[in-house]
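Chains as they are written, first to last, in our numbering: chain A, 290 to 929; chain B, 2 to 479.
Structure (structure tokens):
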């Protein structure tokens, strides 16, 4: 939840202070320019690989560390190396010599550039995410049982710690225990290092894709606390897929690389190979570097990492698997399973891109152009604009759909329903054909939602809530969110009795207590241009479920039910009508959706059975550590 | 060189087993490991099957009670060095070390057949896979040894030693897993047969004549996915070590970049995440809580090694050859150390098309087998991961369960990971007569080992057949 930021006032000598009072304040800059690799060091300087990011201006201490302790989406870079047990000197981004250069230039040998890049990319990712989400995020929050007080360092993350060189390992991971992200470094393969030197040191923190991927894990964990509890095979895969989606969609915001790829693929962005700069004469071998075809950088992830570990390609891609409905039943490794979801989303993306650019190609062809050759500059730019715009729309739908997911036990089918609902809610008329493209792409890969009767967008979207009374007395916060704890408490005081009184109607078990886990306002501009204010409330119930019914001493696992309740603020017309018809207006909220996972009934039993089997398969029956049900990102990561 | 045989002793012991209609399962107490002798009566005299012969020290270092050599000599006398069949379920020290540690003994045996897991075949891909696993284990060992000596490290080293059979310090008795595998594959004058689930094994003639039938339920056949899993696994944990470089030798930057004053070269704000917090109070952000931060980062790392070791352990356990013997219509299940992945292959019909395979019901065939067994060799020395709860649920109420184990070797009661796991044995005890090897005292060749504490003084009374306790073993007569 965003907080008002208070700037600590610097002390100035009195004489200067009086002079400053007379001159108008220059004001704070909006952004801070910082340099970073667009992909990773192995891509050289081509393709705009060395880019300048304009990240939001924040006051920074050396590290960099976001100075404002009250910012809940703040980060701190601390270059502590646990393998060698040393700290590397921190970069001071406010050093005039750095400021005047617009950030340190990319250089692999200087850890201070690494620190700058990690800070810049993480901040850029947060900004991108927050813009799509329509609110400021916060990091992980643990749920406390009522009455349980905070003591010492708790499980909450207030400032995300970033360790650019934490360990020697071909791995980078988000670790809630370390309150941050640990990036590893390692030696490239001796035998087949690709574009790296054999045995050279490769830094995962210099891969733009890896940094975005890990940051996304941390952000989702902040938004959806229980998406790290792997209650079914899709949960860990969803986390990976979402992090990959964020990293891949970012590629399409990079205009230079996008333009270059469009020209080298004849506008067919989904091609896996780029046309080489220089043609090879028929019947002859390639003799110079320029004749070599290169892989399409937009559709693959973490090329240097993949090559350094001997894969000979990027670690993963968005089009890695041929569409089939079999994989979803047989593939369980989280990244590989996640790749199915990623491929489905990108299938829809490229389909929409192709549809929206079809007319441009028709005009081009009617003028005698051939789409397989180099495209003229203006056409390439129009295509690039279209690709970037469509990518932005998709990314926004993906991020916003998080608000439409159930709070626990996510499946790919739920995510499809959430995406369709999120888009439906804002754009009732599907003029882009986005929902249809998503549904077809998901169906092709065997992902179909549970419990929807038909395969149409209205049937796949979550059903609107019916028959629930309004939430009396609910005051909606202003666009800055709940600025004060008092407002927050007041809101909770209204929500708690409402949820308690309507347990059955909200799909909860009546005999178990319900915890309000989170609630936050969202502000969206609808297709009609009107601002819509909503409150997203997450409530959960939990109970201990024995691994074997009737044998509680064989161990048990936490079984959770829950609901995401979307509450809308009445429109001004509704408020006026109420005032005129009843003589007064009392604030209230209307429940629009209840997106739930039940604990009881047939659905609840099936979920319990599925969860039990899944834990058994993962070998989690043994042990008493409650954390064992959570994803350990250090281990699920096939590299990262 | 044939040895002189102690015929007088043998005939008395053999008399117990030669009762024409009694099958005997003998569980030797050798510590944390498996060493079973199944003796099937036949008109041509008793036919003997050895299932596994190994022991490991484990995390606590107390798993090996150093009776395996005496037990093997005892078995040699008992069987007159004539074995119809040897089954080596998988390549863990606690299942095979005896074949090299007592290699001299085994080399004088007359063996009808050797069965091993499909994962021991000589196909290049499989061989490479196993070699990689072994290297990985060694790599883990070096990384773990470089770390701080804590509880996790001890467990990692225990697991890794079990996987390689090589101890960083000289273990008692000698032998390695590699030597044992060589012995099994080439040293017994008979070529092993390698099986996976669904294949029909070739039983030696003597056993066929004795009326024994066998079916192979596990391991699952190798799929490309399994190899991929290993690829990922290697990259994850040993990317650095894989290149030949020891993980501690990389200094990524020049010395001039190292902060001479460590945390004090950072502003206090860098450490504010680690300031203690109290509700309603502003935390103290002026201190550098460097120790907490360093500790948290370090703790985030060895954990991964620990689970890596666990995964390695699971991978090897899942290669277990699972054999179902049927004798006179009675089913005996020897599951090796198979864990969930191995069990589910034959308990659930994974080819059936469903969206979420974790919801599959157990197949009728799986239910029938589990519902009708009269003997179950408890998997993995009594750990819960090796006897899925759904399997316990499906088992009948009228069988004998034998668990070869040594309490206090792996896991701990506090975090509910002790092996054998008390609640699992309790659950089995409600349905079957459970006996564990460490509940008997050993008195063999002058070596005495007392029964483990907190174990029942007498074996349970089975509904059919009986238990008889011997000098270093316990017999079940069916």
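Quick reminder that beta carbons are idealized off the backbone N, C-alpha and C, glycines included. Every value quoted in this text rests on a predicted model; they were computed, and no experiment measured them.
(message) Please confirm whether residue 23(B) has its beta-carbon closer than 8 Å to some beta-carbon of chain A.
(response) no
(message) Below 8 Å on C-beta distance, what does residue 844(A) contact in chain B?
(response) 385, 417, 424
(request) Let me know the secondary structure DSSP gives residue 196(B) once reduced to three states. (result) strand
(request) Kindly indicate if chain A contains any beta-carbon less than 8 Å away from that of residue 273(B). (result) yes
(request) Using only the heavy atoms of the ligand SAH, determine whether one of them is closer than 7 Å to the beta carbon of residue 347(A). (result) You won't find the ligand SAH in this model; it holds no ligand whatsoever.
(request) Look at the alpha carbon of residue 95(B) and the alpha carbon of residue 314(B), and state the distance between them as a whole number of angstroms. (result) 12 Å
(request) With a 10 Å radius around its C-beta and 16 neighbouring C-beta atoms as the bar for buried, classify residue 868(A) as buried or exposed. (result) exposed
(message) If you follow the beta strand (DSSP E) that residue 450(A) is in, where does it begin and where does it stop?
(response) 448-457
(request) Would you please verify whether the beta carbon of residue 443(A) is less than 8 Å from any beta carbon of chain B? (result) yes
(request) Look at the alpha carbon of residue 873(A) and the alpha carbon of residue 862(A), and state the distance between them as a whole number of angstroms. (result) 14 Å
(message) Considering only DSSP beta bridges, list what residue 848(A) is partnered with.
(response) 832(A)
(message) Within 8 Å of any Cβ in chain B, is that where the Cβ of residue 915(A) sits?
(response) no
(request) Could you work out which residue in 387(B), 211(B), 259(B), 317(B) is closest to residue 909(A) when comparing CA atoms only? (result) 387(B)
(request) Mind checking which residues open and close the beta strand (DSSP E) that includes residue 449(B)? (result) 448-450
(message) How far does the alpha helix (DSSP H) with residue 704(A) in it extend, from its first residue to its last?
(response) Per DSSP, residue 704(A) is one residue of the alpha helix (DSSP H) stretching across 701-715.
(message) For residue 540(A) and residue 326(A), I'd like the C-alpha separation in whole angstroms.
(response) 12 Å
(request) Kindly identify the DSSP beta-bridge partner or partners of residue 39(B). (result) 26(B), 50(B)
(request) Pull up the distance between the alpha-carbon of residue 369(B) and that of residue 338(B), whole angstroms please. (result) 21 Å
(message) Residues of chain A with CB closer than 7 Å to the CB of residue 300(B), please, in chain order.
(response) 466
(request) Anything in chain B within Cβ reach of residue 511(A), meaning under 8 Å, just list it in chain order. (result) Ordered by position in chain B, no residue passes the 8 Å Cβ test against residue 511(A), which lies about 14 Å from the chain.
(message) Less than 8 Å between CB atoms is the rule here; does residue 787(A) satisfy it with respect to chain B?
(response) no
(request) Find the residues of chain B that neighbour residue 402(A), judging by a C-beta separation of less than 7 Å, and give them in chain order. (result) The contacting residues do not exist; residue 402(A) stays about 11 Å from chain B at best.
(message) Suppose contacts are defined by Cβ-Cβ distances below 8 Å. Is residue 809(A) in contact with residue 424(A) by that definition?
(response) yes
(message) Using beta carbons (cut-off 8 Å, strictly below), is residue 448(A) in contact with chain B?
(response) Residue 448(A) counts as touching chain B.
(message) Strictly under 8 Å for the Cβ-Cβ distance: is residue 470(B) near chain A by that measure?
(response) no
(request) Could you tell me the distance, in whole angstroms, from the CA atom of residue 831(A) to the CA atom of residue 551(A)? (result) 51 Å
(message) Check for me: the beta strand (DSSP E) holding residue 118(B) runs from which residue to which?
(response) 115-118
(message) According to DSSP, simplified to helix, strand and coil, what is residue 383(B)?
(response) helix
(request) Name, please, each residue of chain B whose Cβ falls closer than 9 Å to the Cβ of residue 526(A). (result) Against residue 526(A), chain B offers no close residue; the least beta-carbon distance is about 12 Å (beta-carbon pairs closer than 9 Å).
(message) Restricting to Cα atoms, I'd like to know which of 607(A), 498(A), 480(A) is closest to residue 638(A).
(response) Nearest in C-alpha terms to residue 638(A), of all of 607(A), 498(A), 480(A), is 607(A).
(message) Under 8 Å, Cβ to Cβ, is there at least one residue of chain A near residue 295(B)?
(response) yes
(message) Please tell me whether residue 334(B) and residue 302(B) are closer than 8 Å, where the distance is taken between their beta carbons.
(response) no
(request) Please confirm if residue 266(B) has its CB atom under 8 Å from at least one CB of chain A. (result) yes
(message) Looking at chain B, is there any beta carbon in it that lies within less than 8 Å of the beta carbon of residue 371(A)?
(response) yes
(request) Below 8 Å between beta carbons is the criterion; list the residues of the region 393-407 of chain B that meet it against any residue of chain A, in chain order. (result) 393, 394
(message) Check whether chain B comes within 8 Å of residue 628(A), counting only Cβ atoms and requiring the distance to be less than that.
(response) Residue 628(A) does not count as touching chain B.
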